[in-house]
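This report concerns only the one structure given below.
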Amino acid sequence: MQAYRIVIIMLLGLLAALPRPADAQTFGDINVNAISTSTGASTGGYVEHRFIITNRSAEHDRHVAITMPATTWGGGAGHYLRGLRRAVIVPADSTVELPILQPPLPLNGDGARIVIDGQTQRGQVGISGGRHGHTMDSWYRGIGDDVAVLASPSITGELRDRLEAIVQAETATSTRYGSRGMRELHRANRPPRQWSDNWLAYSAYAGLVLRSEELDEMPRAAREAMWQYVTAGGTLLVLGDARPVPEPWQQRHERVLFAGEATDRYAVGFGQCWFMPADRIDATRRNADATNELARYWASTAQVINRYESVEQANRRFSIVEHLTVPVRGLLALMLVFTLVIGPTNLVVVSKLNRRIWMLWTVPVIAMLFAGAVFGYATFAEGWQADRRLTGLTLLDETNRRATTLGWAAYYSPLTPGDGLRFSHETEVTPQVRLEGWSSDGSVRFVDWTHDQHLSGGWISARVPAHFSLRKSETRRERLTLDRNEAGQVTVTNALGADIIDVYIADREGRVHHVRHVPAGGRATLASLEQYGNNEADLREMFENDWPRMIERMADESDRYRGPALADYLRPNTYLAVVEGSPFLEPGLASARPRPSQSVVYGILAEGFHGD
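So, in structure tokens, the structure goes:
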């Protein structure tokens, strides 16, 4: 196995050493320049390929489409991306930046092809930084403990060495085969003020590192995208004086010892934000506990974004079809009957009729009848319509109108969907497939980012369940509205977009209030419980957990225990609601029949209330 991996790595090295086209090319009055996010390898999440397109024409707008890759490395094997595409209108005498995001599958090729006003251009644009190796270096993806941390280019010299030592620090993570995963501190190719305004561009990294003054200089859109990344489970390390974190996370502050001095750490959604002076970064023995704590957060984030399962494992975790095995006995019985009918029975009948010449048409007719019978049985047994099942845990920050969702989606279709799947530009979609070397199993996939995240081909195959883990961070206006009726009782109005099965709300003092069965848009009166939220289970633990089973357990505790178990999750001015369906996740396959499912919403109230 080791020799096999060495040979493959050498072949990839030879491919990387081949001459590459320039990173900037001119096509008439259109200039296209490619800029990579960073150098280094990554294994989970999305990576961003960014193109700067300049239209030098003073009169004509241009329709420019970019397709990756321009050239392939051969037929390929296993699960990989055949193509990424995005198109844009570039106005006359202007420049636009066009990002194209690569999901966590290898891209089997190199360069980018340019199509201008429907005409494919000669030549191609090269992609610097080796980003086509995304996921390629993880030979047993989902088993290793690969950790990639992105650092600002201003972090150099001894400081970079000390940070890299923390990334390399041993943690409790390990691989099934006893080997250590890839751990790298990547140098960003652009300063933070030029970083992306889409949080998915950071999702491949377990952590981000930059200086406090660089945080101040970031444009608002890029800074918001970075906070989305942290809220979705990332870990941010800011070197320098502390800066305000977004509300309501300023209340989730704690002081921890780092290098013998107090350091600011904030729980920001499902992630963590650390502020510390650069001179405290030290991986020596005297600071081992603190550095291992930071390394643990990076490693735990990496384990979540690198969590992949086989089709069978994913279906056991979040089932969409009961039986994955082929009905061998039934097929053997059908084949036996078919053999007897088309052979001996057919021959005996035509012989008795003295019409053996009829064998020329009875054989194909019998074969067609049996083929039709098999097709009809499969059609009537499963029907034509696809099924979908989704579940999610949503952190609903009503202060910032921000919803961050961790979820799973499962699909099963008797026929391959023609239009594929559609998700938003802010949804991380991770297919649950294993990349084990150059396996011959799998399918090629396409993604078009022009209007949305269109997984246009190869993502769902007929009669094969497809599972995806999802992370999503977006602006949403859903909320719970609290008020008092004429009798002075506290009422809740359900504006979450789905029927509430159960909801537990902690007031400003932490006392828990409860009501069951509130329809979407409906209103109900809360009943006070004789208990208080104690917040023993934090959001980070939820992120590191098994998402589908955790959501199922929380919904079960809501139904069985009616509150005491769920109170562990609440703190003042928060609520936990179990809802029907998955209102904060798009269906992906709109034509599919939804399976019954439940989701959980952990909400932070914009304005608290007094229970009395």
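Numbered by mature numbering (1 follows the signal peptide of the UniProt record, and there is no 0), the letters in the sequence shown go through residues -24 to -1, 1 to 588 in order. Virtual Cβ for every residue (Gly too), placed ideally from N, Cα, C.
Per DSSP, cross-strand counterpart(s) of residue i
{"i": "M311", "result": "DSSP output for M311 lists no bridge partner at all."}
{"i": "L329", "result": "Note: L329 sits in no beta bridge, so no partner."}
{"i": "Y178", "result": "Answer is none; Y178 lacks a bridge partner."}
{"i": "L60", "result": "M44 and V423"}
{"i": "M252", "result": "L215"}
{"i": "V341", "result": "Looking at the DSSP assignment, V341 forms no beta bridge with any residue, so it has no partner."}
{"i": "S33", "result": "Answer by DSSP bridge pairing: none, since S33 is not bridged."}
{"i": "Y578", "result": "L371 and L552"}
{"i": "F27", "result": "A10 and L74"}
{"i": "N84", "result": "Bridge partners of N84: none, in fact."}
{"i": "S445", "result": "W384 and T406"}
{"i": "A243", "result": "Q248"}
{"i": "H55", "result": "Paired residue(s): none; H55 is not in a bridge."}
{"i": "I65", "result": "H39"}
Test item: CB-CB of residue i and residue j under 9 angstroms
{"i": "L372", "j": "I527", "result": "no"}
{"i": "H586", "j": "R447", "result": "no"}
{"i": "H55", "j": "R421", "result": "yes"}
{"i": "R38", "j": "I76", "result": "no"}
{"i": "L565", "j": "S389", "result": "yes"}
{"i": "V479", "j": "V468", "result": "yes"}
{"i": "P407", "j": "L81", "result": "yes"}
{"i": "F246", "j": "G209", "result": "yes"}
{"i": "G28", "j": "V64", "result": "Strictly speaking, residue 28 in this sequence is Ile, with Gly absent from that position. No, Cβ-Cβ distance for I28 and V64 is not below 9 angstroms."}
{"i": "E520", "j": "S276", "result": "yes"}
{"i": "L431", "j": "R455", "result": "no"}
{"i": "W171", "j": "A164", "result": "yes"}
First through last residue of the beta strand (DSSP E) which encompasses residue i
{"i": "Y388", "result": "R378 to Y388"}
{"i": "L215", "result": "T211 to L215"}
{"i": "I142", "result": "From DSSP, I142 is part of no beta strand (DSSP E) but of the alpha helix (DSSP H) over G133 to V143."}
{"i": "V206", "result": "V206 -> not in any beta strand (DSSP E); alpha helix (DSSP H) instead, spanning R196 to T207."}
{"i": "V488", "result": "R487 to V494"}
{"i": "L372", "result": "D363 to D373"}
{"i": "D424", "result": "V420 to D424"}
{"i": "P407", "result": "T403 to P407"}
{"i": "F3", "result": "A(-1) to F3"}
{"i": "residue 619", "result": "Outside the displayed range of the chain (-24 to 588) lies residue 619, so it cannot be described from this structure."}
{"i": "F585", "result": "Per DSSP, F585 belongs to no beta strand (DSSP E) and is neither H nor E."}
{"i": "E506", "result": "A503 to Y508"}
{"i": "G564", "result": "Where G564 is concerned, there is no enclosing beta strand (DSSP E), given that its DSSP letter is neither H nor E."}
Status (buried if at least 16 other CB within 10 Å, exposed otherwise) for residue i
{"i": "L316", "result": "exposed"}
{"i": "M194", "result": "buried"}
{"i": "H162", "result": "buried"}
{"i": "H489", "result": "buried"}
{"i": "F351", "result": "exposed"}
{"i": "V313", "result": "exposed"}
{"i": "N291", "result": "buried"}
{"i": "V324", "result": "exposed"}
{"i": "W360", "result": "exposed"}
{"i": "D363", "result": "buried"}
{"i": "T381", "result": "buried"}
{"i": "R219", "result": "exposed"}
{"i": "M518", "result": "buried"}
{"i": "G118", "result": "Here G118 scores only 44 on pLDDT, less than 50, and its place in the model is too uncertain to base an answer on."}
{"i": "G497", "result": "exposed"}
{"i": "N330", "result": "exposed"}
{"i": "I(-19)", "result": "Note that I(-19) scores a pLDDT of 43, beneath 50, so its modelled location is shaky and nothing firm can be said."}
{"i": "M(-24)", "result": "Any reading at M(-24) must be qualified, since the residue scores a pLDDT of 45, below 50, and its modelled position is unreliable; no value is offered."}
Contact set for residue i: own chain, Cβ-Cβ below 6 angstroms, skip 5 residues either direction
{"i": "S575", "result": "T367, G368, V555 and S558"}
{"i": "G154", "result": "Low local confidence applies: a pLDDT of 42 at G154 is under 50, so the model's placement there is unreliable, with the coordinate-based value given in what follows. The answer is none, since no qualifying residue turns up."}
{"i": "Y578", "result": "L371 and L552"}
{"i": "R365", "result": "I296, A386, R571 and S573"}
{"i": "N322", "result": "T338"}
{"i": "I11", "result": "R26"}
{"i": "V232", "result": "T239 and R241"}
{"i": "A582", "result": "E374 and T375"}
{"i": "D459", "result": "T467"}
{"i": "G584", "result": "R484 and N549"}
Where the alpha helix (DSSP H) through residue i begins and ends
{"i": "R398", "result": "No alpha helix (DSSP H) holds R398; the beta strand (DSSP E) holding it covers L397 to F399."}
{"i": "E73", "result": "Unbroken run through E73 is the beta strand (DSSP E), S70 to Q78; no alpha helix (DSSP H)."}
{"i": "R516", "result": "L515 to E520"}
{"i": "A290", "result": "V287 to R293"}
{"i": "D192", "result": "S188 to E193"}
Cβ-based neighbour list, residue i, same chain, cut-off 7 angstroms, excluding 5 preceding and 5 following
{"i": "A197", "result": "D173"}
{"i": "V326", "result": "R332, W334, M335 and T338"}
{"i": "I318", "result": "V339, I342 and A343"}
8 angstroms Cβ shell around residue i - same chain, five flanking residues per side excluded
{"i": "R452", "result": "L372, R377, R378, A379 and F560"}
Contact with chain B by residue i, beta-carbon distance below 9 angstroms
{"i": "L472", "result": "Chain labels in this structure do not include chain B; a single protein chain is all it has."}
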